[in-house]
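Chemist: Just passing along the structure, written as structure tokens.
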Amino acid sequence: MTKKKMLKAATIVLVGLMAVVGVTACGSSSDSGSSAAGSASSSAASGTLTASGSSALLPLVQSAADEYMKENPDLAITVNGGGSGEGLKQVADGAVDIGNSDVFAEEKLDKDAAKDLVDHKVCTITMAPVVNKDLGVDNLTTDQLIDIFTGKTTNWKDVGGPDEKIMLVTRPSSSGTRALFQQWALNGKEESSNKSLETDDSGTLLQTVQQNKGAIGYVALSYLVDNKDVAAVSIDGVEPTLENTYSGKYKVWGYEHMYTKGEDNANAKAFIEYMTGDSFSDKLEGMGYGVTSKMTDEAVKSHE
46 MTKKKMLKAA
56 TIVLVGLMAV
66 VGVTACGSSS
76 DSGSSAAGSA
86 SSSAASGTLT
96 ASGSSALLPL
106 VQSAADEYMK
116 ENPDLAITVN
126 GGGSGEGLKQ
136 VADGAVDIGN
146 SDVFAEEKLD
156 KDAAKDLVDH
166 KVCTITMAPV
176 VNKDLGVDNL
186 TTDQLIDIFT
196 GKTTNWKDVG
206 GPDEKIMLVT
216 RPSSSGTRAL
226 FQQWALNGKE
236 ESSNKSLETD
246 DSGTLLQTVQ
256 QNKGAIGYVA
266 LSYLVDNKDV
276 AAVSIDGVEP
286 TLENTYSGKY
296 KVWGYEHMYT
306 KGEDNANAKA
316 FIEYMTGDSF
326 SDKLEGMGYG
336 VTSKMTDEAV
346 KSHE
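Everything in the sequence shown is counted per our numbering, starting at 46 for the first residue and increasing by one.
Right under this line is the structure:
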């Protein structure tokens, strides 16, 4: 081979090697970019997230927050109660990221404030009347319940109980639990107010009922899981259980809502998706909450 041909062959080999290196380099750059993009899209949540409102939903949201923060240690979630009305007001005002509510926003806010909120139904909740476990009353008719909570009946002996004065433990007008109970247990009748024993803290309500033989109040079923300190009361012979709620036999229930102001809050959106996802849904029933998809058509239609 002549010197000229050898030089030409070497040049071709060199150009080929440069092309291979160039392709490899581009491939590495592309892979690196994809990896970085994937890492960014799957990165853990960070920053802060605040929620307030419904005392009925509080245990579930707090439990979910505790679990979610374990998976996202750079995210700090603060959950408070205060009642559905307060939670809705705060999220509408931009004071919190999520407003938890037992009722639809339109029931507590004016139209202008409610129209900017996005509703996320996360589960159902069952409300139950509760009395002191030593009272000996485990069932009341709807009419008896209405008479008790409107102040018409003031002694337990008039509804088959002992000669004991009835003590109402009531909730404030901002309470979503009160709104649900009033609508579905009291047929819309306005309950009497006992300002001296008014609380939207379900723990305080349970303690008051436990300590006073004649007391009666109402709480979400989630507060009665493994609770032996008070007695739940059936209505018209139907026990307040998830099974009876799903079937439509027990009528005092509602949807639990988590409202956001718009849908731009990535942390709020991700947290709500976590709560309603498969990884957390198994805990719902164990904590006394209902799975929305298990509600029968009969039950749903009765609340439309």
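All C-beta atoms, glycine included, are put in the ideal place defined by N, C-alpha and C.
1. Residue 332 bridges to which residues according to DSSP?
2. For the beta strand (DSSP E) that residue 120 lies in, which residues bound it at each end?
3. Assuming the contact rule is C-beta atoms closer than 8 Å, residue 97 and residue 126 should be a hit. Round their C-beta distance to whole Å, please.
4. State yes or no: is the beta carbon of residue 335 nearer than 7 Å to at least one beta carbon in chain D?
5. Could you say if the segment 196 to 215 and the segment 283 to 292 meet the contact criterion of at least three C-beta pairs nearer than 8 Å?
6. Among residues of its own chain, excluding the 5 on either side of residue 29, which ones have a beta-carbon nearer than 6 Å to its beta-carbon?
7. Taking 7 Å as the threshold (C-beta atoms), are residue 262 and residue 270 in contact?
8. Does the beta-carbon of residue 74 have 16 or more other beta-carbons within 10 angstroms, so that it is buried, or is it exposed?
9. What is the residue span of the alpha helix (DSSP H) that residue 206 lies within?
10. Roughly how far, in whole angstroms, is the beta-carbon of residue 307 from the beta-carbon of residue 163, given that I think they are within contact range, below 8 Å?
11. According to DSSP, is residue 137 part of a helix, a strand, or is it coil?
12. Which value, in whole angstroms, describes the spacing of the CA atoms of residue 233 and residue 247?
13. Residues in the same chain with beta-carbon distance under 8 Å from residue 172, minus the five sequence neighbours each way, listed in chain order, please.
14. How many angstroms separate the CA atom of residue 276 from the CA atom of residue 89?
15. Indicate the three-state DSSP secondary structure (helix, strand or coil) for residue 95 in the structure shown.
16. For residue 218, which option in 115, 184, 239 has the closest C-alpha, if you only look at C-alpha atoms?
17. Determine the closest residue to residue 295 out of 328, 196, 319, 174, with distance taken between C-alpha atoms.
18. I need the DSSP call for residue 293, collapsed to helix, strand or coil.
19. Throw me the rounded Cβ distance for the residue 250 and residue 278 pair, which I believe falls under 8 Å.
20. Taking the alpha-carbon positions, what's the residue 194 to residue 331 distance?
21. So, with DSSP's three-state summary, where would you put residue 68?
22. Over the uninterrupted alpha helix (DSSP H) stretch that includes residue 285, give me the two end residues.
23. Using the Cβ count rule (16 or more neighbours within 10 Å means buried), how would you classify residue 69?
24. Can you round the beta-carbon distance between residue 334 and residue 103 to whole angstroms, since I take them to be within the 8 Å contact cut?
25. Skipping 5 residues on each side, what residues in its chain have a beta carbon closer than 7 Å to that of residue 313?
26. Mind checking which residues open and close the alpha helix (DSSP H) that includes residue 268?
27. In three-state DSSP terms, what is residue 180?
28. Got a sec, what are the start and stop residues for the alpha helix (DSSP H) residue 229 sits in?
29. Could you name the residues of the same chain whose beta carbon sits closer than 6 Å to that of residue 310, not counting the 5 residues immediately before and after it, in chain order?
30. From which residue to which residue does the alpha helix (DSSP H) around residue 248 run?
31. Taking DSSP as the reference, what is the three-state secondary structure of residue 217?
Modeler: Per the coordinate set shown:
1. DSSP, once it has assigned bridges, lists no residue as partnering residue 332.
2. 120 to 127
3. 7 Å
4. Within the model displayed, chain D is absent; a lone protein chain is all it includes.
5. no
6. In the structure as shown, the chain begins at 46 and stops at 349. Residue 29 is therefore absent and cannot be evaluated.
7. no
8. Confidence at residue 74 is low in this model, with a pLDDT of 30, below 50, so its placement is unreliable and no value can be given for it.
9. Segment: none, residue 206 is in no alpha helix (DSSP H) and carries neither H nor E.
10. 6 Å
11. helix
12. 22 Å
13. 101, 222, 225, 226, 229, 230, 263, 264, 265, 266, 285, 297, 298, 299
14. 43 Å
15. strand
16. 239
17. 174
18. coil
19. Actually they are not in contact, since the Cβ atoms of residue 250 and residue 278 sit about 14 Å apart, beyond 8 Å.
20. 30 Å
21. Confidence in residue 68 is poor, its pLDDT being 33 and thus under 50, which makes the residue's placement too unreliable to answer from.
22. Here residue 285 belongs to no alpha helix (DSSP H), and DSSP marks it neither H nor E.
23. In this prediction, residue 69 has a pLDDT of 34, which is less than 50 and means its spatial position is unreliable; what the coordinates show is noted afterwards. Result: exposed.
24. Actually they do not touch by this definition, with Cβ atoms about 12 Å apart.
25. 94, 142, 143, 305
26. No alpha helix (DSSP H) contains residue 268, which DSSP labels as neither H nor E.
27. coil
28. 221 to 229
29. 142
30. 247 to 256
31. coil
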